[in-house]
Amino acid sequence: MCALIATLIIGVFNGFGIWGTLTDYFLPAAGNWVTTFILMFLTSAMYAKVIGDSGAADRIAQWVLDKAGEKFIYPVLILICMILTYGGINALVIVFVFWPLAIPIARAMNKPRYIFLTIMYMGLLGGANMAMPGSPQTGNVAAAQILGTSVTAAPGWGIIATVLWFAFDVWFIYRLDRWAAKRNHTFEEGVGLPIKSRSIETCPSMVRSIIPIVVLLALFVILGNGFGPIPKMSATTAVVTANVIATIICLALNFKFYENKENGLSVGEGMKKSVFDGLMSGLSPASAMFCMVAFASVLSATPAFQSLVDIAMGSAGNPYFQGFIATQLLGVICGSAGATSTAVCNTFGAQWLAIPGVNADALTRIVSIGAAGCSTVPYSGGLFVNLDVTGCKMKHVWPQQFIACAIPAIVLCAICAGLASVGLVF
Numbered sequence: 011m012c013a014l015i016a017t018l019i020i021g022v023f024n025g026f027g028i029w030g031t032l033t034d035y036f037l038p039a040a041g042n043w044v045t046t047f048i049l050m051f052l053t054s055a056m057y058a059k060v061i062g063d064s065g066a067a068d069r070i071a072q073w074v075l076d077k078a079g080e081k082f083i084y085p086v087l088i089l090i091c092m093i094l095t096y097g098g099i100n101a102l103v104i105v106f107v108f109w110p111l112a113i114p115i116a117r118a119m120n121k122p123r124y125i126f127l128t129i130m131y132m133g134l135l136g137g138a139n140m141a142m143p144g145s146p147q148t149g150n151v152a153a154a155q156i157l158g159t160s161v162t163a164a165p166g167w168g169i170i171a172t173v174l175w176f177a178f179d180v181w182f183i184y185r186l187d188r189w190a191a192k193r194n195h196t197f198e199e200g201v202g203l204p205i206k207s208r209s210i211e212t213c214p215s216m217v218r219s220i221i222p223i224v225v226l227l228a229l230f231v232i233l234g235n236g237f238g239p240i241p242k243m244s245a246t247t248a249v250v251t252a253n254v255i256a257t258i259i260c261l262a263l264n265f266k267f268y269e270n271k272e273n274g275l276s277v278g279e280g281m282k283k284s285v286f287d288g289l290m291s292g293l294s295p296a297s298a299m300f301c302m303v304a305f306a307s308v309l310s311a312t313p314a315f316q317s318l319v320d321i322a323m324g325s326a327g328n329p330y331f332q333g334f335i336a337t338q339l340l341g342v343i344c345g346s347a348g349a350t351s352t353a354v355c356n357t358f359g360a361q362w363l364a365i366p367g368v369n370a371d372a373l374t375r376i377v378s379i380g381a382a383g384c385s386t387v388p389y390s391g392g393l394f395v396n397l398d399v400t401g402c403k404m405k406h407v408w409p410q411q412f413i414a415c416a417i418p419a420i421v422l423c424a425i426c427a428g429l430a431s432v433g434l435v436f
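Last residue of the sequence shown? That's 436 in the working numbering, and every number before it is there in order.
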């Protein structure tokens with residue numbers, strides 16, 4: 011509702027009119043998003059609910075906690091999320107994979123949920139997504155495709171930036187943990203995606219628990235890239251297919267764990283309830299996402315957007331610092347790292363590449379890293395999705411997200427622009 015009201019205000023004050031705003035901008039953008047992504051959200055939520063209700067997530071979470079120990083669990087979880095991101099899990103749905111594993115750990119440690127959502131952002135928007143060469147995420151791929159380079163452009167920069175980013179985030183998450191402890195912030199039940207607590211004795215074995223996740227990750231990679239006789243699918247089709255198959259496997263392997271005698275549910279009834287509740291729980295975050303996407307489409311059609319483009323083009327004497335400034339200015343409008351990278355390269359790419367001697371690899375890495383900066387705005391559609399799924403509050407998430415993701419991106423992007431200006435690209 012807030013997104014719709016804000017959209018109408020922007021549309022009216024920019025001369026689009028109420029109906030023009032809705033019919034020419036908001037509804038077409040929302041419709042395109044729903045057509046493309048709604049099944050991905052619903053099936054991702056279904057998978058998360060099914061693996062959580064089976065007890066498989068509890069078993070895996072307990073194993074990770076036992077092996078890492080509470081002292082090192084935070085950096086281990088950041089690395090896990092980085093691996094999931096670098097492995098190709100779509101940034102829009104990674105919360106549905108990560109959250110069922112994070113909640114049992116948060117519950118066992120009695121830590122507030124927002125610490126673990128911050129960890130997810132560290133892995134999602136950190137080095138593995140935006141800086142690491144070879145990342146399959148949109149921010150990196152779009153920059154490489156539009157600028158005519160490769161996803162491994164400027165690998166030295168990318169690897170060093172990833173290591174520095176990870177080190178900063180590890181330092182920051184322990185600072186955040188101490189801050190939360192001083193304020194007596196603890197785990198809160200009953201909010202977000204319902205993931206019930208189960209004793210480890212009532213959970214499936216580790217083998218049965220891990221197989222659905224392994225299948226999910228393998229299918230993401232195989233279906234999204236093609237393998238042998240298996241044709242390459244679109245990213246959304248690959249995600250939907252992988253979610254459905256992994257859900258069926260989890261139900262088949264762990265069917266007996268869905269029986270709920272306390273609520274009078276047989277095995278079959280418990281399985282049907284888990285699937286149905288999961289699908290329904292995907293509707294709310296999906297609606298939040300398409301509203302924010304539609305809001306951004308209206309915002310980008312305003313004269314203010316063109317003004318930001320003009321400012322970026324006249325802001326610096328070389329394309330590298332133009333790239334740095336452009337990703338921050340347009341990021342405020344786009345509210346998404348992938349959308350920012352695409353918009354910047356589409357808007358400025360041809361002009362940059364026409365400059366004699368310009369290093370396209372450097373520009374690729376600058377845009378990819380910088381796109382995670384000011385795009386981490388509090389009205390980002392992805393943020394609203396994750397708040398809805400996790401039950402966290404904006405005041406406990408967005409400031410931490412900005413410190414952990416935006417600040418390293420801005421600083422590292424500026425450093426890369428400086429290095430490129432003096433010809434140090436590796």
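The beta-carbon is built from N, C-alpha and C at its ideal position, and this holds for glycine as well. It should be emphasised that the depicted structure is a prediction, and the values quoted were computed from it without experimental measurement.
{"query": "Could you tell me how far apart the beta carbons of T386 and C415 are, in whole angstroms, since I believe they sit closer than 8 Å?", "result": "5 Å"}
{"query": "Is N270 helix, strand or coil by DSSP?", "result": "strand"}
{"query": "Contact defined as beta carbons within less than 8 Å: I believe A141 pairs with G168. What is the distance between those atoms, to the nearest angstrom?", "result": "5 Å"}
{"query": "DSSP puts L275 in a beta bridge; with which residues?", "result": "N270"}
{"query": "DSSP puts I220 in a beta bridge; with which residues?", "result": "Per DSSP, none; premise fails for I220."}
{"query": "Under a Cβ-count criterion, where at least 16 other Cβ atoms within 10 Å of its own Cβ denotes burial, should Y184 be classed as buried or exposed?", "result": "exposed"}
{"query": "Comparing the C-beta of M216 with each C-beta of chain D, is any distance below 9 Å?", "result": "Of the chains in the structure shown, none is chain D; there is only one protein chain."}
{"query": "In terms of residue numbering, what span does the alpha helix (DSSP H) encompassing S64 cover?", "result": "L37 to S64"}
{"query": "So for F286, helix, strand or coil by DSSP?", "result": "helix"}
{"query": "When the distance is taken between beta carbons, is V342 closer than 9 Å to I20?", "result": "no"}
{"query": "Among the residues of its own chain, which have a CB less than 7 Å from the CB of L134, if the five just before and after it don't count?", "result": "C91, T95, A101 and I104"}
{"query": "With which residues is F237 paired in a DSSP beta bridge?", "result": "I240"}
{"query": "Would you grab the beta carbon distance between G236 and A245 for me? Rounded to a whole angstrom, and I think it's under 8 Å.", "result": "That belief does not hold up - the Cβ atoms of G236 and A245 are roughly 12 Å apart, past 8 Å."}
{"query": "Could you tell me whether the Cβ atoms of E6 and R117 are closer together than 9 Å?", "result": "The first residue shown for the chain is 11 and the last is 436, placing residue 6 beyond what the model contains."}
{"query": "Quick one: Cα of W408 to Cα of Y389, how far?", "result": "10 Å"}
{"query": "Kindly list the residues whose CB is nearer than 8 Å to the CB of E80, restricted to its own chain and excluding five residues on each side of it in sequence; keep chain order.", "result": "M119"}
{"query": "Reducing DSSP to helix, strand and coil, say where I365 ends up.", "result": "coil"}
{"query": "So the candidates are L203, F300 and A66; which of them puts its Cα closest to the Cα of L49?", "result": "F300"}
{"query": "Can you look up L127 in the DSSP assignment and give me helix, strand or coil?", "result": "helix"}
{"query": "Kindly give me the distance between the Cβ atoms of I170 and P222, rounded to whole angstroms, as I take these residues to be in contact under 8 Å.", "result": "With a Cβ gap of about 36 Å, I170 and P222 do not count as contacting."}
{"query": "Between the stretch 54 to 69 and the stretch 332 to 349, can you find at least three pairs of beta-carbon atoms closer than 8 Å?", "result": "no"}
{"query": "Using only alpha-carbon positions, find the residue among P204, L263, L229 and F126 that is nearest to L289.", "result": "P204"}
{"query": "Between the C-alpha atoms of G327 and I321, what's the straight-line distance to the nearest angstrom?", "result": "12 Å"}
{"query": "Evaluate the contact criterion for the stretch 263 to 278 versus the stretch 71 to 80: three or more CB pairs, one atom per stretch, below 8 Å.", "result": "no"}
{"query": "Between which residues of its own chain and G144 is the CB-CB distance below 7 Å, once the five residues before and five after are set aside?", "result": "V161 and T162"}
{"query": "Alpha helix (DSSP H) containing G97: first to last residue?", "result": "It is not in any alpha helix (DSSP H) - G97 carries neither H nor E in the DSSP assignment."}
{"query": "Straight-line CA distance for I93 to T17?", "result": "37 Å"}
{"query": "Quick check on L203: does DSSP put it in helix, strand or coil?", "result": "coil"}
{"query": "Indicate whether P110 and G62 have their beta-carbon atoms separated by less than 9 Å.", "result": "yes"}
{"query": "Take F436 as the anchor and find which of G380, A304, A372 and I417 has the nearest alpha-carbon.", "result": "A372"}
{"query": "Pull up the distance between the alpha-carbon of W175 and that of N139, whole angstroms please.", "result": "11 Å"}
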